[in-house]
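Everything on this sheet refers to the single structure shown next.
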Amino acid sequence: MLHIQNVSFEFGGNYLFRDIDWFIKPRERIGLIGKNGAGKSTLLKLIMGKYDVREGSINKSGGINLGYLSQDMISEDGNQTILEHAKQAFKRALFIQDELEQLYILMETDPSEENIQKIADYQEEFDALDGYNIDNKTAEILEGLGFKTEDLDRPMKEFSGGWRMRVVLAKMLLEEPDIMLMDEPTNHLDLPSIEWLEGYLSSYPGSVVIVSHDREFLNKMINKTAELSNQKLYLWDGNYDFYLKAKVERDDLISRQAANQSQYIKEQEKFINRFKAKASKAKAVQSRIKMVDKIERIVEIDEDKSNLKIDFKVGKPSGKVVMDLNEIQQGFDNQILFDRVNREIVRGDKIALIGANGTGKSTFLSIIANEIDFEGIRKEGHQVISSFYAQHQLESLHLDYEILEELHYDAPHKTEMELRNMLGCFLFGGDDVFKKIKVLSGGEKARVSLAKTLVSEANFLLLDEPTNHLDIDSIEIIIEALKRYEGTLIFVSHNRYFIEKLANKVWWIEDQDVKEYPGNYSEYLYKVQQSQNPSSSDKAKKKGQKTVEDKSSKDSWKRKNEKEERIKKLQKKLDQIEEQIENSQNHLKNLEVKLSSIDVTKQEEYENISKEYADTTLRVNQLTKESEILIEEIISLE
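Here's what the structure looks like:
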């Protein structure tokens with residue numbers, strides 16, 4: 002479908018990538034990853050033609066349509082309604098609709114055969130484009146992305162940048178391009194909207210290329226990984242977790258090859274230096290020099306910054322009870338968000354505060370931080386020192402300070418090396434630390450503000466969407482540091498990996514209350530699923546009760562025999578599936594042995610085995626789901 006052939010791109014005298022070759026095939030789900038500054042967004046813009054391709058070529062199959070979602074694509078027309086803007090995806094259908102309206106008016110004065118034929122032709126095309134369902138399709142996508150039905154007729158200008166980005170995303174989904182290029186699509190979505198988008202994309206017939214820092218989203222969505230590293234593009238079959246394992250083997254292989262090559266070159270140079278003054282060896286020396294000059298040097302992959310370790314220290318420990326909230330009430334514009342909420346935060350808690358957009362997560366965090374008015378009692382515990390990160394905290398930055406100077410202002414006890422290490426985790430390396438705050442982008446200011454929050458030595462951290470402007474490596478570093486953090490933490494995040502790794506309690510907002518689950522995120526999700534789907538034992542009880550009633554009827558014996566026959570068939574099918582699972586798992590073990598021993602430089606062979614591994618893993622997952630459904634049905638029948 003699309004072939005990126007020997008493309009290089011130079012910016013400011015430095016190459017972001019050289020001679021990359023990439024063929025995007027139909028129905029591929031690709032995660033485009035790499036460190037900050039590796040050129041991911043630039044490559045997407047090259048594909049879209051927003052930058053000129055000076056070296057190499059990008060070839061598209063005839064008639065192929067591209068869709069592009071970028072973080073700077075907010076609509077300028079704020080007077081359009083949400084529905085009107087998203088409907089622009091159906092340009093041809095809307096054009097025909099306008100033409101038909103004009104023709105119907107014209108028919109009142111000129112009912113000619115020509116106009117009648119035009120109406121018939123347009124009507125046929127309009128029907129083929131499913132024009133009468135445009136409003137319904139658009140509303141379905143917008144509501145899936147979190148808009149309420151009553152929001153659809155409101156103008157764009159009434160919504161924040163994040164909500165307007167959702168409209169831009171909805172418009173692209175409705176256009177149904179052959180290839181979607183999505184740059185951080187989950188940045189402005191809440192958890193329900195992310196899950197809806199995953200479901201939508203899983204059955205999407207086109208190809209999708211995703212740049213994202215959301216590890217869970219990548220793992221669920223992609224079947225191939227494209228990594229930009231060291232000015233090259235590496236392709237891997239499988240999701241993000243599979244890529245991480247294969248990457249370790251690749252880096253180790255390249256490291257050994259580079260060491261062997263370096264040793265070989267040293268031996269040749271030793272020979273050259275030893276015999277270059279001897280006339281009898283001149284020919285041999287010149288031959289060695291030419292040979293060494295022709296060797297293409299193997300470049301080791303840069304060490305991953307995730308090896309860097311930082312700590313968020315606590316100055317003074319707080320008392321056992323950090324915060325006691327009693328009868329908390331809050332609301333805006335005649336809408337009640339919280340009605341007599343009672344919650345307690347204990348020292349050592351790491352609480353994830355979740356809920357759909359608009360339920361009041363950031364508001365409740367601001368109540369805990371005592372930054373907005375509310376009704377009720379907020380009692381802070383003994384010796385609590387809090388530090389609050391939210392988007393509005395950017396206003397407190399000193400615009401004329403340099404980044405390093407800004408961090409030192411809040412942490413004068415830290416050495417410059419410690420502060421530089423901290424800033425490295427927030428994607429500020431080298432001379433970047435000397436940039437003035439006033440020249441930074443909004444995302445860069447957010448990273449500085451988050452760094453200031455975490456370096457403060459507070460014993461109570463409140464974080465509102467801390468991962469929004471970080472890459473995957475930086476998020477991993479922050480997670481590890483917050484795991485070791487000895488204080489108390491409450492945070493709002495839509496990054497499920499971040500939540501799963503950190504939270505020991507989940508607070509979710511529902512029915513104007515803040516409810517608590519005393520466990521991690523996956524346990525909370527299991528509880529939600531159980532409450533939505535009655536357990537098999539409950540189903541079995543209900544079925545059992547029904548069976549007792551049926552026995553009193555005349556034909557109960559017949560139903561009993563039919564049920565036993567059904568159970569036998571299901572059990573036979575289950576036995577077959579379990580045998581297939583066992584065979585597939587054995588096959589996976591054999592493939593793992595092959596992957597661990599294969600020479601990664603044999604790319605085609607490596608990719609074939611990797612693809613087979615990914616396909617077999619998918620097959621095991623599908624068979625496992627089938628077996629679970631069968632088991633539940635058997636239990637319910639028994």
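Position one of the sequence shown corresponds to residue 2 (the numbering used here), numbered consecutively onward. A virtual CB, placed ideally from N, CA and C, is assigned to each residue, including glycine. All values derive from a computational prediction rather than experimental measurement.
Please confirm whether isoleucine 299 and valine 323 have their CB atoms less than 7 Å apart. no
Same chain, Cβ closer than 6 Å to tyrosine 52, neighbours up to 5 away in sequence not counted: Lys46
Which same chain residues end up closer than 6 Å to lysine 436 when comparing Cβ atoms and leaving out the 5 residues on each side of it in sequence? Ile404
Mind checking which residues open and close the alpha helix (DSSP H) that includes methionine 418? 417-426
Any 3 or more C-beta pairs closer than 8 Å across the region 214-224 and the region 238-250: yes
Looking only at C-alpha atoms, which of Asn358, Glu159, Phe365 and Glu199 sits nearest to valine 515? Phe365
Take isoleucine 273 as the anchor and find which of Ile290, Ser442 and Ala260 has the nearest alpha-carbon. Ile290
Counting C-beta neighbours from all protein chains within 10 Å, is the total for methionine 173 16 or more, i.e. buried, or is it exposed? buried
Backbone CA spacing between lysine 544 and isoleucine 568 [nearest angstrom]: Caution is warranted here: a pLDDT of 49 is assigned to lysine 544, below 50, making its placement in the model unreliable, and the coordinate value is therefore given only provisionally. The straight-line gap from Cα to Cα measures roughly 14 Å.
Counting beta carbon pairs with one atom in the region 394-410 and one in the region 437-454, are three or more of them shorter than 8 Å? yes
Which of helix, strand or coil DSSP assigns to aspartate 184: strand
Quick check for students: name the residue ranges of the beta strand (DSSP E) that lie wholly in the region 8-53, counting only runs of 3 or more. 15-25 and 30-35
Any 3 or more C-beta pairs closer than 8 Å across the region 249-265 and the region 613-628: no
Terminal residues of the continuous alpha helix (DSSP H) containing methionine 645? Absent from the structure is residue 645, since the part of the chain shown begins at 2 and ends at 639.
Leaving out five residues before and five after leucine 101 in sequence, what residues of the same chain have Cβ atoms less than 8 Å from its Cβ? Ile120, Tyr123, Gln124 and Phe127
Quick one, are the C-beta atoms of glycine 35 and leucine 229 less than 7 Å apart? yes
Going by other Cβ atoms of all chains shown within 10 Å of its Cβ, with 16 needed for buried, is tyrosine 105 buried or exposed? exposed
Do tyrosine 522 and glutamate 501 have their C-beta atoms closer together than 7 Å? yes
Using only CA atoms, which one of Phe339, Tyr390, Val440 and Leu70 lies nearest to threonine 360? Phe339
Spell out a yes or no on whether the region 21-35 and the region 142-159 are touching, meaning 3 or more CB-CB pairs, one atom from each, closer than 8 Å. no
Report all residues from its chain with a CB closer than 6 Å to the CB of glutamate 593; omit the five preceding and five following residues, and keep chain order. none
Contact check, threonine 617 vs serine 585, beta carbons under 7 Å: yes
Glutamate 199 and lysine 221: beta carbons closer than 7 Å? yes
If we require 4 or more residues per run, which alpha helix (DSSP H) segments fall completely within the region 121-185? 135-145 and 162-176
Out of Glu466, Lys564, Asp312 and Gly377, which one is the CA nearest neighbour of alanine 459? Asp312
Pick helix, strand or coil for lysine 267, following the three-state DSSP scheme. helix
For the alpha helix (DSSP H) that isoleucine 500 lies in, which residues bound it at each end? 497-503
Opening and closing residue of the beta strand (DSSP E) in which phenylalanine 461 lies: 461-465
Top-ranked residue by Cα proximity to isoleucine 479, from His409, Lys310 and Pro206: Lys310
For the alpha helix (DSSP H) holding valine 529, just list the boundary residues, first then last. 522-533
Assuming contact is defined by CB atoms lying nearer than 7 Å, are isoleucine 5 and isoleucine 59 in contact in what I supplied? yes
At a Cβ threshold of 7 Å, is isoleucine 211 touching chain D? Here there is only one protein chain, and chain D is not present.
Residue interval of the beta strand (DSSP E) (run including leucine 229): 225-230
Valine 507 beta carbon less than 7 Å from that of alanine 353: yes
Unbroken beta strand (DSSP E) runs of length 3 or more, entirely within the region 435-493: which are they? 461-465 and 489-493
Name the two residues that bound the continuous beta strand (DSSP E) containing phenylalanine 333. 322-333
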